[in-house]
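Asks:
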Amino acid sequence: MMRLKMFCGLALLAIIFASCNNRTAEYIKYSGPTQGTMFNITYRSDTNYNSEIDHLLKAFCRSLSNYDSTSLISRINRNETNSLDSLTEEFFTVSKEVWKNTDGFFDVSVAPIVNAWGFGWVRHEKHIPDKAEIDRLLQHVGFGKVDIVNGKIIKHDPDVQIITNAIAQGMSVDYISDFLKSKGVTDFVVEIGGEIYCSGKNPNGEKWKIGIDKPIEGSGYGNRKEQTVIRLSVMAVNTSGNYRKFLEEGEKKYGHSINPLTGYPAENEMISATVVYPDCIRADAYATAFMVMGAERAMQIVESINGMEAYFIIREGEETKTVESSGFKRFYE
Numbered sequence: 001m002m003r004l005k006m007f008c009g010l011a012l013l014a015i016i017f018a019s020c021n022n023r024t025a026e027y028i029k030y031s032g033p034t035q036g037t038m039f040n041i042t043y044r045s046d047t048n049y050n051s052e053i054d055h056l057l058k059a060f061c062r063s064l065s066n067y068d069s070t071s072l073i074s075r076i077n078r079n080e081t082n083s084l085d086s087l088t089e090e091f092f093t094v095s096k097e098v099w100k101n102t103d104g105f106f107d108v109s110v111a112p113i114v115n116a117w118g119f120g121w122v123r124h125e126k127h128i129p130d131k132a133e134i135d136r137l138l139q140h141v142g143f144g145k146v147d148i149v150n151g152k153i154i155k156h157d158p159d160v161q162i163i164t165n166a167i168a169q170g171m172s173v174d175y176i177s178d179f180l181k182s183k184g185v186t187d188f189v190v191e192i193g194g195e196i197y198c199s200g201k202n203p204n205g206e207k208w209k210i211g212i213d214k215p216i217e218g219s220g221y222g223n224r225k226e227q228t229v230i231r232l233s234v235m236a237v238n239t240s241g242n243y244r245k246f247l248e249e250g251e252k253k254y255g256h257s258i259n260p261l262t263g264y265p266a267e268n269e270m271i272s273a274t275v276v277y278p279d280c281i282r283a284d285a286y287a288t289a290f291m292v293m294g295a296e297r298a299m300q301i302v303e304s305i306n307g308m309e310a311y312f313i314i315r316e317g318e319e320t321k322t323v324e325s326s327g328f329k330r331f332y333e
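Mapping to this note's numbering: the sequence shown position 257 is 257, numbers consecutive.
1) How far does the alpha helix (DSSP H) with TYR286 in it reach, from first residue to last?
2) What does DSSP give as the partner residue(s) for MET171 in the beta ladder?
3) On the DSSP letters alone, give me the boundaries of the alpha helix (DSSP H) that LYS58 sits inside.
4) For GLY317, does the count of other Cβ atoms within 10 angstroms reach 16, so buried, or fall short, so exposed?
5) For PHE188 and THR47, which I take to be in contact (beta-carbon distance under 8 Å), what is that distance rounded to the nearest angstrom?
6) Over the uninterrupted alpha helix (DSSP H) stretch that includes ASN40, give me the two end residues.
7) Considering only DSSP beta bridges, list what VAL302 is partnered with.
8) Tell me whether ARG315 sits in a helix, a strand or coil according to DSSP, three-state version.
9) Around the C-beta of GLY176, are 16 or more other C-beta atoms found within 10 angstroms, so that it is buried, or is it exposed?
10) When the Cα atoms are used, what is the spatial distance from LEU64 to ARG75?
11) Under 8 Å by Cβ, that's how I've got VAL98 and ALA287 pegged, so tell me the actual separation to the nearest angstrom.
12) Tell me, please, which residues DSSP counts as bridged to PHE188.
13) Opposite LEU72 in the DSSP bridges: which residues?
14) Can you tell me whether HIS55 is buried or exposed? The criterion is at least 16 other CB atoms within 10 Å of its CB, across all chains shown.
15) Verify whether the separation of the beta carbon atoms of THR262 and VAL237 is less than 9 Å.
16) In three-state DSSP terms, what is ILE163?
17) If you follow the beta strand (DSSP E) that LEU232 is part of, which residue opens it and which one closes it?
18) Would you mind reading off the limits of the alpha helix (DSSP H) that contains LYS100?
19) Quick one: measure Cβ to Cβ for ILE192 and THR70, integer angstroms, because I've assumed they're closer than 8 Å.
20) In this structure, does DSSP put ASP335 in helix, strand or coil?
21) According to DSSP, what are the bridge partners of SER326?
22) Compute the distance between the beta-carbons of ALA266 and GLY241, then report whether it is under 9 Å.
23) PRO158: buried (16+ other C-beta within 10 angstroms of its C-beta) or exposed?
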């Protein structure tokens, strides 16, 4: 279920296109490092909010970064506190919601398994865990072992560990987007590690153009190609994929999308899952779950959720094909 993101690791870079014309002076572009990846924010405003954005991103990491040993989530994992702030409470609330809606295929308590495979925050040489190790760790996995009561987390098993990678970057996109909206900013795009929220118009006065990556094994910032381009406004988009981060043993490759029900990397036809939804936290979470579930079951969930659309790239024999939800075509317009 979990994908590596170096905190919330990079599963996709959706490329943002904004041509320049005489309106670009009204847009502020701001980029920098955060959460082990990069953020790119473009917003139209007479006021520069870059320092406030920096402050918000740092505050977010203090709550939800597994890679910061002093963060609130790290202290929760060490059972040093069970008190939640507003960010961690939202994280757990949405995580529980998606866990229920996906029958456990999305599960942030899979941390011990993800770390065992070398895809988490615990640094060690990647190796293939044996069955005994996985069976032992699975005893402490299952979001049913966690409850949120009156702003506190109740862990019914003290060895439960929480990994934030699957939705924290999407959540941080919403966090910054909500801040910009609160300041009256209506034309903007926020991208953090490939998770994106778009609002209003780009400098050309058009919807924002977002490129969905072609799944090229091992591709990075310098050699990405686009599978297709969509246009968005007042929508979030997230893509999860298994073609960049994997573990090899001999001729066998293990993707980093871990099935929390089995403890092993998912093996199905899914290559990448792109989800479009009104908020980025859920787009992020469902894209992660869909990589584990497989295309047919995932698309049934997509069609059952109001406002959600999806675009899957799947294997079919030696070839690849695309599968779209019923309303996805409107994003090409």
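Backbone N, C-alpha and C define an ideal beta-carbon position, used for all residues, glycine too.
Replies: Once the coordinates are examined:
1) 280-293
2) DSSP lists no partner for MET171.
3) 50-64
4) exposed
5) Not really, about 13 Å apart at Cβ, beyond 8 Å.
6) From DSSP, ASN40 is part of no alpha helix (DSSP H) but of the beta strand (DSSP E) over 37-44.
7) Paired residues: none, contrary to the question.
8) Strand at ARG315.
9) Per the sequence presented here, residue 176 reads as Ile, with Gly not at that position. Flag for ILE176 reads buried.
10) 10 Å
11) 11 Å between Cβ atoms; not a contact.
12) TYR43 and SER199
13) Assignment of beta-bridge partners to LEU72 by DSSP yields no partner.
14) exposed
15) no
16) coil
17) 226-232
18) 86-101
19) About 21 Å separates the two Cβ atoms, so there is no contact after all.
20) With the chain represented from 1 up to 333, any question about residue 335 goes unanswered, as that position is not in the structure.
21) Its beta-bridge partners do not exist; DSSP assigns none.
22) no
23) exposed
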